[in-house]
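Here the structure is laid out as structure tokens; the discussion comes afterwards.
Residue numbers (this note's numbering): 46 to 909.
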């Protein structure tokens with residue numbers, strides 16, 4: 046840590062680094078014009094950067110230049126159990142690889158504090174109408190995930206700097222918001238801003254607290270864990286000025302869905318957003334967190350809010366220590382991170398959004414940015430396939446209604462509103478439809494406490510929204526099995542069945558295999574649609590039921606007023622509830638003194654945890670980038686759910702057939718996500734999404750949907766996994782051709798690992814989402830970008846070609862893609878090398894993040 050610019054923090058016994066002085070020494074008055082993001086990143090440089098390069102790096106912030114890489118050292122790493130576990134599996138494999146070469150495996154440890162929350166592995170097998178649902182679901186989770194949990198238990202003893210929050214306690218991002226983030230860190234007598242990376246794209250949720258927190262893939266998180274700097278260039282920082290305030294009856298969910306549509310259209314991909322203005326001051330911290338959580342749905346890297354009175358109010362509400370709350374306010378005001386200190390901040394682009402323009406919204410049927418006003422949904426005429434029959438489920442039936450996801454369950458106003466809707470519906474005799482599998486899965490145990498305090502928990506339970514878990518559940522595709530009778534009717538009648546959930550993603554095939562499409566809605570709207578029972582329903586005008594007095598009941602008759610919601614929030618949500626939940630939760634993180642081997646004892650028959658293969662076979666060899674054949678030719682908006690789905694494994698899938706062969710009963714197949722610690726299972730998820738459209742597979746003149754490709758040069762149509770096996774046997778190098786926004790969605794590193802293990806050496810696309818591009822580099826896959834105006838269609842690519850890549854690989858250099866057609870013609874296509882920094886070039890040339898670290902570790906060990 047440097048000593049330059051280190052000063053005493055007035056009114057405390059602590060020091061801090063005076064970033065204002067460092068910046069203004071280069072250009073007087075410059076600090077006042079810096080955006081919030083630049084101020085926090087600059088502090089990190091002043092505190093951690095080599096003094097010899099400090100001024101050059103800081104000058105970029107002042108001059109808005111982007112020609113120099115600079116290091117960022119996040120204060121901590123957070124993980125959920127899926128990507129966190131796979132990252133730790135990688136580190137366990139790295140220990141094995143280093144031990145095999147004579148190194149000391151016990152020295153391989155996270156250097157940066159790493160917090161892992163087990164929240165992604167619970168499936169809603171028992172719905173919220175079962176009073177014992179939570180206990181039953183947890184028992185099933187423990188049984189199915191015994192191999193995984195054994196490994197996780199080993200990691201917290203075998204690795205230093207790893208803390209684990211066990212299953213059943215809540216969702217990573219909500220726990221992070223309500224407790225783990227101090228906003229201002231203190232270490233060795235120095236106060237500084239909390240910063241972090243997390244192995245989930247929704248890590249930016251705590252940006253609402255003024256904390257720079259970004260989602261990364263597991264590979265990038267591993268690099269940060271091991272103490273390496275996250276190298277970056279000055280990001281595109283966009284100001285979002287919020288004006289007005291929400292209208293009565295409008296929830297934070299309505300606002301964020303409108304913002305998601307707006308910001309996607311404004312092309313903010315990979316940008317850091319900073320929300321400010323009078324409108325921001327009207328938003329509670331819970332409202333802000335709902336907005337920041339959905340940063341990846343905007344396409345943004347971060348969604349920051351300044352520290353202000355709302356921040357302090359929230360820290361007090363959630364039971365933070367008084368001394369910490371005082372420190373946050375003092376530090377923010379002293380260092381220019383308080384909202385009033387940013388009135389002169391300058392942005393290269395400012396967008397304006399009027400909060401008063403927001404109406405009641407729903408998003409669907411396939412993307413979070415497909416916003417539809419609820420008043421227009423019925424008129425949109427979503428196509429049906431069968432006629433409704435009396436006494437049977439209607440087409441458009443809502444088979445999943447889930448109050449789920451930290452996006453919305455973090456927000457007391459949303460949850461109290463849902464409880465009041467339930468209370469009012471119960472009083473009028475309304476019930477959910479019998480085919481609706483309903484559930485309530487809060488991201489924090491505090492939610493249940495304040496709903497009980499308000500007398501609303503029993504009201505939700507009466508309608509079938511009892512607590513099934515404190516975990517991600519349906520938002521992560523873990524909706525569990527349907528009632529067999531319901532499932533049979535959906536299949537036999539080919540019903541257009543749907544899901545409505547208060548989550549953040551609704552990609553086709555994600556929420557449930559039998560829910561053809563899904564819609565995002567606020568928690569109170571989820572309750573309303575459970576009563577309606579179908580998406581083909583004008584929720585604003587149609588009749589939900591008949592009251593005892595014979596009056597028709599509409600949504601407006603059960604929707605609570607803002608005044609009632611706010612009054613109940615004020616009387617029912619209390620700091621002692623948060624202390625009751627979190628003090629014992631974190632007090633439990635105590636070393637029991639039991640020692641374990643530094644090398645994990647891999648279980649031979651598991652389908653969950655297996656030693657990774659990244660240091661052996663083809664992955665350890667050269668990548669010539671010659672003679673590559675396409676595995677897939679794809680369109681725009683290919684998501685990581687297409688590349689590596691996370692939901693339930695079906696028996697007729699490649700992974701399902703493998704698990705059956707391994708002796709696993711179908712009921713315990715679990716999800717693709719939970720098997721990502723075993724590459725033999727996870728490989729079979731590569732492009733396994735049944736909604737994938739590979740343009741190499743044409744039937745009756747149209748692209749056929751499915752996990753399919755065409756084996757070349759034979760031209761044989763095959764399931765994707767069988768084709769991969771053929772190509773692996775032939776040692777055939779592969780390439781993927783794609784359109785715009787390739788790799789959007791979740792931060793799962795298996796979307797990169799799967800294609801690399803399949804033999805993919807390069808991916809050429811019109812554009813990449815940030816996290817996935819970084820994951821590709823971390824796996825040693827070369828990302829290449831077509832120049833503007835050039836794409837697979839203008840070039841007439843159909844997958845019958847072979848490809849070479851030639852040229853010197855330097856940051857963002859122009860390389861040449863040689864396209865060899867079957868007729869002997871060769872095209873020379875210039876493409877941009879999307880290795881964006883010198884560090885990324887180094888990682889790619891080493892074969893990936895893990896290979897690079899192993900090389901450096903062994904070299905430093907020899908030098909020592």
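Built from N, CA and C at the ideal position, the CB exists for glycine as well.
- A contact between stretches requires three or more CB pairs, one per stretch, nearer than 8 Å, and the stretch 538 to 546 meets this requirement with the stretch 430 to 444.
- Look at the beta carbons and you see the stretch 277 to 285 touching the stretch 312 to 331: at least three pairs across the two are nearer than 8 Å.
- Relative to residue 124, the option among 140, 197, 648 whose CA is nearest is 197.
- If you look at residue 179, you'll find it in the alpha helix (DSSP H) that goes 178 to 189.
- Within the stretch 296 to 362, the complete alpha helix (DSSP H) segments at least 4 residues long are 297 to 310, 323 to 326, 330 to 338, 340 to 343, 354 to 362, listed from N- to C-terminus.
- For a cut-off of 8 Å, the C-beta gap from residue 488 to residue 692 is around 19 Å, too long to register as a contact.
- At a Cβ-Cβ threshold of 8 Å, residue 806 and residue 668 count as neighbours.
- The beta carbon of residue 207 is closer than 7 Å to those of 155, 159, 161, 200, 201 in its chain, skipping five residues each way along the sequence.
- Restricting attention to 291, 331, 324, the CA atom closest to the CA of residue 251 is found in 331.
- In the structure shown, the three-state DSSP call for residue 828 is strand.
- DSSP, read as helix, strand or coil, puts residue 287 in strand.
- Boundaries of the alpha helix (DSSP H) harbouring residue 451: 451 to 454, taken from the DSSP string.
- In this model, residue 783 and residue 473 are separated by some 53 Å (Cα to Cα).
- Restricting attention to 841, 834, 820, the CA atom closest to the CA of residue 889 is found in 820.
- In the three-state reduction of the DSSP assignment, residue 116 falls in the strand class, which pools E and B.
- Between residue 88 and residue 57, the gap from beta carbon to beta carbon reaches 8 Å or more.
- Counting only residues of its own chain and dropping the five nearest sequence neighbours on each side, residue 379 has no CB closer than 6 Å to any other CB.
- The C-beta distance from residue 653 to residue 720 rounds to 6 Å, short enough to fall under 8 Å.
- Here residue 541 is not bridged, per DSSP, to any residue.
- In the DSSP annotation of this structure, the continuous segment of the beta strand (DSSP E) that includes residue 740 starts and ends at 738 to 744.
- Spatial neighbours of residue 749 in its own chain (CB-CB distance under 6 Å, excluding positions within 5 residues in sequence) are listed in chain order as 742.
- Pairing residue 341 with residue 809, the inter-Cα distance amounts to about 22 Å.
- According to DSSP, residue 877 shares a beta bridge with 830, 859.
- A residue is called buried when at least 16 other Cβ atoms come within 10 angstroms of its Cβ; residue 707 does not meet this threshold and is exposed.
- At a Cβ-Cβ threshold of 8 Å, residue 618 and residue 827 do not count as neighbours.
- Restricting attention to alpha helix (DSSP H) runs no shorter than 4 residues, the stretch 388 to 455 encloses them at 419 to 422, 451 to 454, ordered along the chain.
- It is roughly 41 Å from the alpha-carbon of residue 354 to the alpha-carbon of residue 880.
- By the Cβ criterion, the stretch 136 to 145 is not in contact with the stretch 489 to 504, since fewer than three pairs of Cβ atoms, one from each stretch, lie closer than 8 Å.
- For residue 480, there is no enclosing alpha helix (DSSP H), as DSSP marks it with neither H nor E.
- By DSSP's assignment, residue 171 forms no beta bridge with any residue.
- Residue pairing from DSSP places residue 238 in a beta bridge opposite 229.
- When beta bridges are read from the DSSP output, residue 562 appears opposite 543.
- The three-state secondary structure of residue 683, taken from DSSP, is coil.
- According to DSSP, residue pairing for residue 693 in a beta bridge involves 716.
- Residue 547 places its beta carbon 8 Å or farther from that of residue 469.
- Around the beta-carbon of residue 606, fewer than 16 other beta-carbon atoms lie within 10 Å, marking it exposed.
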